Structure formats: C-alpha cells, structure tokens
Amino acid sequence: MTIIQFIILGAAMFAVGLYGVLTRRNAVLVLASVEVMLASVNINLVAFDTYLADSAYTGQIFALFVIALAAAEVGIGIAIVLMIFRNRHSADVDELDLMKY
Amino acid sequence: MSFGDWITEVGNWIFLILALVTFVSALMVVRSQNVVRAVLYLVITLGGSAALFLMLGAEFVGWTVVLVYIGAVIILFLIGIMITKAPLTSTAELSQPISAKVPAALLTLLLFAVVTWAVYQSFGFDTLPFPDEATRTGDIGRSLFSTWIIPFETVSFVLLAALIGGISLARRDPTVVEERLGERR
Chain A
154 MTIIQFIILG AAMFAVGLYG VLTRRNAVLV LASVEVMLAS VNINLVAFDT YLADSAYTGQ
214 IFALFVIALA AAEVGIGIAI VLMIFRNRHS ADVDELDLMK Y
Chain B
39 MSFGDWITEV GNWIFLILAL VTFVSALMVV RSQNVVRAVL YLVITLGGSA ALFLMLGAEF
99 VGWTVVLVYI GAVIILFLIG IMITKAPLTS TAELSQPISA KVPAALLTLL LFAVVTWAVY
159 QSFGFDTLPF PDEATRTGDI GRSLFSTWII PFETVSFVLL AALIGGISLA RRDPTVVEER
219 LGERR
C-alpha cells in the first residue's frame, strides 16, 4: 500500500461532498453531503495514523472526535431544518434569503 | 514503488474495490434524484469507509462509524426526510439547475487537482506497511484518557450543548401554545 492512494480517495470524496453542498437545494441533502466530506477527512486521519505509527494514536482519536462532532452537527442541523420547515413550509435552501440583502 | 509492484499486492485489489464502491456511492449521494435513495447510498459510503478503517487496522474507529453513523445518523436523516415531506419521486427541485452545476463541478475538480498535486509533491509513492495487527481498543482508551483528556472533556461539553440546543429547538414556544389553546376556547 502507498499513503497517496488513501489521500487521493479522501480528496476525491471531499470534492464530491463539496459539489453536493454547492448544488443540492434540499437542506437535508446538503447535510448528507457534509457527512460525505467528514467521512473523507476521517479516511485521511486514519491513513496518516497508520503511516506515522504514532504511539498515542492521534489520528484515530481525532477521527473519533470528528465522528462525535458530526453526530452533534447532524442533530442540531436536522432540528434547525425542521424548525425552518415548520415556520416556512419548505426545506429549500434557495428560499431562505431573508438575511441575504 | 512501481505500478507493477503495487498492482500485484492483494491488499491493493481489496483497496481498489472498496475505494470504487465508496466513491461511486458518494457520487450517487450528491447525484440521486430520490431523497431516500441518496441517504441509503450514504450508508454504502460510510460502510466502505468503515471497511477501509478495518483494512488500516483501526478496528475501534471502524466499528464506531458503523454504530454511530449507520446506526444513528442515518435514522436521523430518514426522520428528517419524512417530517419535511421532501418529494419522494424524481423531481428537478432537489438540485440546482445546470447553470449552477457546471461552475460547481469545475471548482471541485480544481480543488481535487490542487490537493492531488500537493500531496504527490510531498509524499510521492511512500509505502504504507500493512498493519500486523489491529490497534488495541485498550491502547486507544489509555491515550484518550491521558494525552487527549482535555479535548475529550471539551467534546462532552459540545455534546451537552447539542443536546440542550436540540431540545430547545424542537419544543414549541410555550407562549404560542397558550395562544392557540386560548383561540380554541
């Protein structure tokens, strides 16, 4: 194995997730694309942990932190989307332009 | 490491299959015109990344991904879809029009190219040895509770804040509820 194969996979998945964030209109699917980006970062962290053979397992532990924060982010994100849907009857991010101008 | 050496390693074949499955399902997450299918493709993406973690010897992280992401986060997504009445049939409204997709695709391709070039410049084809054995969960726990104890406690505060925030967002405003009850009376 080489280290670069994991990083290229991570970069490709990050790019795909960014494309989803930029092009999706439904707020729930924007959050799903953010999850793809976070998963790609986790692949990088664990690959570098194995590469550096760190005795404190820094990479794996930061991957665990990313997982915990992603779970918190999704919980709050879905709660906000539900609040917006309750008030405006739409989960379309293009219609949320109250603070735009 | 030459390409001939690389392709003859059995582990790299497993990597290629897993990477292909993960990447294609990630593409389907952002391309699918059906909301529920997009979220179910996210399951395959996360399952593929968990398999890659197992391949790298990170057993605990891999099974945590399966438990936390596939077990809990996906359920949250599905509940979010059900409550927001997102259109379940194929419509054009799930994504931006093509005039927005093309610049987004160009931007992400540029990002991918820059990252790949930078990584190739710094690491070349450095080998990553196959781990002899999986990381022991006990070792991770010892490191977590000694070296990384302060970040760990900070994460617990973040989770508490998320819990309180989720509850306060999800419950109805009590004054609104009283007004509505008053209207009914």
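So the sequences go chain by chain: A and B. Residue numbering for the first sequence is 154 to 254, as defined by our numbering. Residue numbering for the second sequence is 39 to 223, as defined by our numbering. We treat Cβ as the ideally placed atom computed from N, Cα and C, and that holds for glycine. These numbers were taken from a predicted model, which means no experiment stands behind them.
Around the C-beta of A/Asn195, are 16 or more other C-beta atoms found within 10 angstroms, so that it is buried, or is it exposed? Taking the first residue of the first sequence as position 1, residue 195 of chain A is located at position 42. A/Asn195 should be labelled buried.
Whether A/Ser193 touches A/Gly163 by CB criterion (7 angstroms): Here residue 193 of chain A corresponds to residue number 40 of the first sequence, with the count starting at 1. Here residue 163 of chain A corresponds to residue number 10 of the first sequence, with the count starting at 1. It is a contact, given that the beta carbons lie within the stated cut-off.
Where B/Thr185 sits in the DSSP three-state scheme: Indexing the second sequence from 1 puts residue 185 of chain B at position 147. Residue state, collapsed to three classes: coil.
Exposed or buried, which one is A/Leu251 when buried takes at least 16 other CB atoms within 10 Å? Against the first sequence, residue 251 of chain A aligns to sequence position 98. Exposed: under 16 other Cβ atoms inside 10 Å.
Report yes or no: is there a C-beta of chain A within less than 7 angstroms of the C-beta of B/Asp170? Residue mapping note: residue 170 of chain B aligns to position 132 of the second sequence, counting from 1. It does not; no Cβ of chain A falls within 7 angstroms.
In this structure, how does DSSP classify A/Asn240 when only helix, strand and coil are distinguished? Residue 240 of chain A sits at position 87 when you count from the first residue of the first sequence. In the structure shown, A/Asn240 sits in a helix (DSSP, three-state: H, G or I).
Which value, in whole angstroms, describes the spacing of the CA atoms of B/Ala89 and B/Val81? Counting from one through the second sequence, the residue named residue 89 of chain B turns up at place 51. Counting from one through the second sequence, the residue named residue 81 of chain B turns up at place 43. Approximately 12 angstroms between the Cα atoms of the pair.
Quick check: what's the CA-CA separation for B/Gln159 versus B/Val152? Counting from 1 along the second sequence, the entry for residue 159 of chain B is found at position 121. Counting from 1 along the second sequence, the entry for residue 152 of chain B is found at position 114. Going by the C-alpha atoms only, they are around 11 angstroms apart.
Should A/Arg178 be flagged as near chain B, meaning a C-beta pair shorter than 7 angstroms? Walking along the first sequence from the start, residue 178 of chain A turns up at place 25. Closer than 7 angstroms to some Cβ of chain B, the Cβ of A/Arg178 qualifies, so yes.
Is the CB of B/Gln134 under 7 angstroms away from at least one CB in chain A? Position 96 of the second sequence holds residue 134 of chain B. Closer than 7 angstroms: yes.
Would B/Ile52 pass as an interface residue toward chain A - the criterion being a Cβ-Cβ separation below 7 angstroms? Locating residue 52 of chain B in the second sequence gives position 14, counting from the first residue. Output row for B/Ile52: interface = no.
Name the chain B residues that come within less than 8 angstroms of A/Val189, Cβ to Cβ? Counted from its first residue, the first sequence places residue 189 of chain A at position 36. Ordered by position in chain B, the residues that pass the 8 angstroms Cβ test against A/Val189 are Ala64, Val67, Val68, Leu80 and Thr83.
Check whether the Cβ atoms of A/Ile161 and B/Thr154 sit closer than 7 angstroms, and answer yes or no. Here residue 161 of chain A refers to the residue found at position 8 of the first sequence. Here residue 154 of chain B refers to the residue found at position 116 of the second sequence. In this structure, B/Thr154 lies closer than 7 angstroms to A/Ile161 by Cβ.
Please report the straight-line C-alpha distance between A/Ala200 and B/Val196, rounded to a whole angstrom. Looking up residue 200 of chain A in the first sequence gives position 47. Looking up residue 196 of chain B in the second sequence gives position 158. A/Ala200 and B/Val196: Cα-Cα distance of roughly 26 angstroms.
How many angstroms separate the CA atom of A/Asp207 from the CA atom of B/Pro135? For the purposes of this step, residue 207 of chain A is identified with residue 54 of the first sequence, where counting begins at 1. For the purposes of this step, residue 135 of chain B is identified with residue 97 of the second sequence, where counting begins at 1. Each residue's alpha carbon lies about 46 angstroms from the other.
Using the beta-carbon count (16 or more within 10 Å), is B/Met93 buried or exposed? On the second sequence, position 55 is the one that residue 93 of chain B refers to. By the 10 Å Cβ count, B/Met93 comes out buried.
Which residue marks the beginning of the alpha helix (DSSP H) containing A/Tyr104, and which one marks its end? It is not possible to answer for residue 104 of chain A, since the shown part of chain A is limited to 154 through 254.
Identify the contact partners of A/Met252 in chain B, using a Cβ-Cβ distance below 9 angstroms as the criterion. Translated into the one-based positions of the first sequence, residue 252 of chain A becomes position 99. Correct list: empty, because the minimum Cβ distance to chain B is about 18 angstroms.
Specify the secondary structure class of B/Asn50 as computed by DSSP and reduced to three states. Indexing the second sequence from 1 puts residue 50 of chain B at position 12. B/Asn50: helix per DSSP, three-state reduction.
Own chain, CB closer than 7 angstroms to B/Val67, minus 5 neighbours either side, in chain order: Position 29 of the second sequence, counted from the start, is the residue given in the question as residue 67 of chain B. These residues qualify, in order along the chain: Ala76, Tyr79, Leu80 and Thr83.
Secondary structure of A/Asn195, DSSP reduced to three states: The sequence position of residue 195 of chain A within the first sequence is 42, counting from 1. Correct three-state label for A/Asn195: helix.
Within 10 angstroms of the Cβ of A/Phe238, are there 16 or more other Cβ atoms? Answer buried if so, exposed if not. For the purposes of this step, residue 238 of chain A is identified with residue 85 of the first sequence, where counting begins at 1. A/Phe238 is buried by the Cβ-count criterion.
Quick one: does B/Val48 have its CB under 7 angstroms from some CB of chain A? Position 10 of the second sequence holds residue 48 of chain B. Cβ-Cβ to chain A under 7 angstroms: no for B/Val48.
Find out if the Cβ-Cβ distance for the pair A/Gly228, B/Ala200 is shorter than 7 angstroms. Here residue 228 of chain A refers to the residue found at position 75 of the first sequence. Here residue 200 of chain B refers to the residue found at position 162 of the second sequence. Judged by beta-carbon spacing, B/Ala200 lies within the 7 angstroms limit of A/Gly228, meaning their Cβ atoms are closer than that value.
Helix, strand or coil for B/Ser63, going by three-state DSSP, please let me know. By 1-based counting over the second sequence, the position of residue 63 of chain B is 25. DSSP places B/Ser63 in helix when its eight states are reduced to three.
Just mark B/Ala51 as buried or exposed, buried being the case when its beta carbon has 16 or more other beta carbons within 10 Å. Here residue 51 of chain B corresponds to residue number 13 of the second sequence, with the count starting at 1. For the record, residue 51 of chain B in the displayed sequence is Trp; it is not Ala. B/Trp51 is exposed by the Cβ-count criterion.
DSSP three-state label for B/Thr173, please. Looking up residue 173 of chain B in the second sequence gives position 135. Coil at B/Thr173, not helix or strand.
For the segment 169-183 of chain A against the segment 183-192 of chain B, are there 3 or more C-beta pairs whose distance is under 8 angstroms? no
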